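Written below as structure tokens is the structure these notes are about.
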Amino acid sequence: MIEPSRVLVAPEPRGTVKEPDRHTIERCRRGDRDALRLLFDTHGARVYSIARHFFEGDDARARDVTQDVFVKVMERIGTFEGASRFSTWLYRLTVNACLDAKRAERRLLLLPDPPDLPSAVDDAPQSHALDRAETQTRVARAISQLTPVLRAAILLRYFEGLSYDEMSEALDCPPGTVASRLRRAHEALAHALAALRSEGPGRP
Amino acid sequence: MTSPGTHVDAELGELIDDTLPPDDAERVRAHVASCLACRRLHDEMREALAGIRALPTYDPPAGVWAGVERELDARSRSSRRSWPRVAAVAALVAGGALAASAALGTYRSSWSLERVAGSPVAGARAIASSGTLVEGEWLETDASSRARLSIGTLGSADVGPGSRVKLVQAGGAERALRVERGTIDARVWAPPRFFLVETPAATAIDLGCIYTLDVDDRGNGVLLVRSGQVELRGYGLRSLVVAGTAAEMRAGAGPGTPYDSTETRAFRTSLSAIDFGEETGRRLAFERLLAASSRRSTITLWHLLPRVRTDERALVFDRLAALAGVPDGVDRDDVLRLDDRSLSRWRRALEPSWSSERVRLWKRAWRAVWSAGRGA
Numbered sequence: 001m002i003e004p005s006r007v008l009v010a011p012e013p014r015g016t017v018k019e020p021d022r023h024t025i026e027r028c029r030r031g032d033r034d035a036l037r038l039l040f041d042t043h044g045a046r047v048y049s050i051a052r053h054f055f056e057g058d059d060a061r062a063r064d065v066t067q068d069v070f071v072k073v074m075e076r077i078g079t080f081e082g083a084s085r086f087s088t089w090l091y092r093l094t095v096n097a098c099l100d101a102k103r104a105e106r107r108l109l110l111l112p113d114p115p116d117l118p119s120a121v122d123d124a125p126q127s128h129a130l131d132r133a134e135t136q137t138r139v140a141r142a143i144s145q146l147t148p149v150l151r152a153a154i155l156l157r158y159f160e161g162l163s164y165d166e167m168s169e170a171l172d173c174p175p176g177t178v179a180s181r182l183r184r185a186h187e188a189l190a191h192a193l194a195a196l197r198s199e200g201p202g203r204p
Numbered sequence: 001m002t003s004p005g006t007h008v009d010a011e012l013g014e015l016i017d018d019t020l021p022p023d024d025a026e027r028v029r030a031h032v033a034s035c036l037a038c039r040r041l042h043d044e045m046r047e048a049l050a051g052i053r054a055l056p057t058y059d060p061p062a063g064v065w066a067g068v069e070r071e072l073d074a075r076s077r078s079s080r081r082s083w084p085r086v087a088a089v090a091a092l093v094a095g096g097a098l099a100a101s102a103a104l105g106t107y108r109s110s111w112s113l114e115r116v117a118g119s120p121v122a123g124a125r126a127i128a129s130s131g132t133l134v135e136g137e138w139l140e141t142d143a144s145s146r147a148r149l150s151i152g153t154l155g156s157a158d159v160g161p162g163s164r165v166k167l168v169q170a171g172g173a174e175r176a177l178r179v180e181r182g183t184i185d186a187r188v189w190a191p192p193r194f195f196l197v198e199t200p201a202a203t204a205i206d207l208g209c210i211y212t213l214d215v216d217d218r219g220n221g222v223l224l225v226r227s228g229q230v231e232l233r234g235y236g237l238r239s240l241v242v243a244g245t246a247a248e249m250r251a252g253a254g255p256g257t258p259y260d261s262t263e264t265r266a267f268r269t270s271l272s273a274i275d276f277g278e279e280t281g282r283r284l285a286f287e288r289l290l291a292a293s294s295r296r297s298t299i300t301l302w303h304l305l306p307r308v309r310t311d312e313r314a315l316v317f318d319r320l321a322a323l324a325g326v327p328d329g330v331d332r333d334d335v336l337r338l339d340d341r342s343l344s345r346w347r348r349a350l351e352p353s354w355s356s357e358r359v360r361l362w363k364r365a366w367r368a369v370w371s372a373g374r375g376a
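Protein chains in written order, with this note's numbering: chain A, 1 to 204; chain B, 1 to 376.
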């Protein structure tokens, strides 16, 4: 038997993504597309992945959000003062874009991609272990049952491995609010996962 | 301070996160060790958080960057207009003729083009038997002309008589045509969302299929899908059009509601009036549509749920429920307030009955084509 929480799941930063240098930011401020492309190449996967997990794997909405975020990077880079890290600023744009897209959904019909069509850009081997895929599906569904604000908090903390201080900047709220959101998200997630487990595997 | 007998739900996440002060951590840990309910919750939570950390990171699909550029272009077209020439001059000074050509936009990719009948014109060139359509050029056919565009190895688009079609994007991450008027018969075996056809009313996003798109001089049109699926987008609306169904579209209004292509004329007329008609005739059209609806109408009724007014939505719900039943987990009140999950769940239950073809067979064939392609 594993002793409670001796096995920790404390977040760790997801990979090391180099922060852009000042020169790249300056070029971007002057409207240099190549500089923006550099930022897209180094940070695009973060933005797209957060959005895709935020929208329960929906590629179309994740694409829209990613596109929106990098257009905003170009338009608003002048407001990035360099006091915080670029990535934290980018997280804020990403979270806001996700929340805006979620709010706008009321005007749209929600039509996710056919779930079992292979994606042209998914180069993962066909031989994914089923159990791993099932776990991912269950976790994704549990995340989708959180409110959008809690969903954003939980993804920044555990998917991206941000500290409370970084989350505070990215979510534009005090650290105490970050802590309380995470607390609510923890409970909601655990209950959602337990409920999904009781439904059993094989659900779409 | 929590007593040993008090549940510790609220602190479990922080315990797992290792952000509790040491004393609190010991207390919570002791409670979890002796409380089955909290232990279960703790284990669930730990698995959930570990699961989130293990979620995959995806590279953005190649088309996203092209979309960023298109959007930036659209937003700054006027201010950028003078820049390509400046860049070209600079490149010429540096002796880079190719770079200058690229900066001026003269180096552009193209699609091959084949004359099927009459005298199609690509750019200003009459196509005798075959030729090319360069990105940015228009292909025009008169009343007796036809042409076939090859979308590389990914399919073809037959352009019917009386058409005006622009090659918007010939290469790269996405391929796109713009149909100002006329008919396109597309046969596409590309990845989903790779091939787009823009019209004044909506953009048809291919999900791997065969379809016909008709656009009239006013930019209004009809999409008929013969195999696979197409998503229509425009003006904040999305419609899923599957094999055997069709959807109208109107410039200034976007895509209409999809319908089974065997629906009666009365049904189609009523639907058109609901989607695009005047307010005065709407209620009557709505009542006629419900009266004319049958089991093949579920694709229409489901799509109508978020498009109609609140009072009408209840009637649509009741009709859809009577025709197809309400699946487990779909609640009337949730649907009436347009709860995403309930709508999606109902769609998933209905979708197998929407397509006229064996969707599973189609998907299997589609997957086989692409699996073979990737394995090569």
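Even for Gly, the Cβ is constructed at its ideal location relative to N, Cα and C.
The structure displayed is predicted, hence computed values, not measured ones.
Where the alpha helix (DSSP H) containing residue i begins and where it ends
i	result
B:Ser129	That residue, B:Ser129, is in no alpha helix (DSSP H); it is neither H nor E in DSSP.
B:Glu287	282-292
B:Ala48	36-53
B:Gly13	9-17
B:Arg265	265-276
B:Arg332	332-336
A:Val149	148-154
A:Ser170	Residue identity check: residue 170 of chain A is Ala in the sequence provided, not Ser. Taken as a continuous stretch (DSSP letters only), the alpha helix (DSSP H) holding A:Ala170 covers 164-171.
Within-8 Å CB hit, residue i to chain A
i	result
B:Ala10	yes
B:Tyr211	no
B:Pro352	no
B:Met45	yes
B:Gly391	This structure gives no information on residue 391 of chain B, because the portion of chain B shown stretches from 1 to 376.
B:Ile52	yes
B:Glu48	Checking the sequence, you will find Ala at residue 48 of chain B rather than Glu. It does; some Cβ of chain A falls within 8 Å.
B:Gly13	yes
B:Leu284	no
B:Leu41	yes
Strand pairing of residue i, partner residues [DSSP]
i	result
B:Gln169	B:Ala176
B:Asp214	B:Thr183, B:Val222
B:Gly254	B:Arg250
B:Ser110	B:Val134
B:Ser150	B:Ser156
B:Val197	B:Leu177, B:Ala204
A:Gln67	BP columns for A:Gln67 are empty, so no partner.
B:Leu315	Paired residues: none, contrary to the question.
B:Leu139	B:Ala122, B:Val165
B:Thr245	B:Asp260
B:His115	According to the sequence provided, residue 115 of chain B is Arg. The question's His does not apply to it. Looking at the DSSP assignment, B:Arg115 forms a beta bridge with B:Ala147.
Residue environment, residue i, which counts as buried when at least 16 other CB atoms sit within 10 Å
i	result
B:Glu44	buried
B:Pro380	Beyond the ends of chain B as shown, which are 1 and 376, falls residue 380 of chain B; an answer cannot be given.
B:Leu36	exposed
A:His186	buried
B:Pro306	buried
B:Glu137	buried
A:Glu81	exposed
B:Gly152	exposed
B:Leu232	buried
B:Ala128	exposed
A:Lys18	exposed
B:Leu284	exposed
A:Thr88	buried
B:Ser145	buried
Residue i - containing beta strand (DSSP E), residue span
i	result
A:Gly44	It is not in any beta strand (DSSP E) - A:Gly44 instead sits in the alpha helix (DSSP H) that spans 33-54.
B:Asp158	155-159
B:Thr203	203-206
B:Ser239	237-242
B:Arg345	B:Arg345 -> not in any beta strand (DSSP E); alpha helix (DSSP H) instead, spanning 340-350.
B:Val230	229-234
Cβ of residue i within 8 Å of any chain B Cβ
i	result
A:Ser49	yes
A:Ala35	no
A:Pro148	no
A:Leu182	yes
A:Ile154	yes
### Query
Looking at chain B, which residues of the segment 157-176 of chain A have a Cβ within less than 7 Å of any of its Cβ atoms?
Under the 7 Å Cβ criterion, the segment 157-176 of chain A contributes Tyr158, Phe159.
#### Entry: chain A contacts from the segment 19-33 of chain B (Cβ-Cβ distance under 7 Å)
Within the segment 19-33 of chain B, those residues whose Cβ lies closer than 7 Å to any Cβ of chain A are, in chain order, Arg29, Val32, Ala33.
### Where the segment 184-195 of chain A meets chain B: residues whose CB sits under 7 Å from a CB there
The residues in question are His186, Glu187, Leu189, Ala190, Leu193, Ala194.
### Near-chain A residues of the segment 250-277 of chain B (beta-carbon distance less than 8 Å), N- to C-terminal order
Correct list: empty, as no residue qualifies.
### Query
Of all the residues that make up the segment 183-216 of chain B, which are near chain A by a beta-carbon distance shorter than 9 Å?
Taking 9 Å as the upper bound on Cβ-Cβ separation, chain A lies near residues Ala190, Pro191, Pro192, Arg193, Phe194, Ile205, Leu207, Gly208 of the segment 183-216 of chain B.
### chain B contacts made by the segment 135-146 of chain A, where a contact means CB separation under 9 Å
Per Cβ criterion, the list reads Thr135, Gln136, Arg138, Val139, Ala140, Ala142, Ile143, Ser144, Gln145.
### Query
Between the segment 51-72 of chain B and chain A, which residues of the former have CB atoms less than 8 Å from a CB of the latter, in chain order?
Cβ proximity to chain A below 8 Å picks out Gly51, Ile52, Arg53, Ala54, Leu55, Pro56, Thr57, Tyr58, Asp59, Pro60, Pro61, Ala62, Gly63, Val64, Trp65, Gly67, Val68, Glu69, Glu71, Leu72 from the segment 51-72 of chain B.
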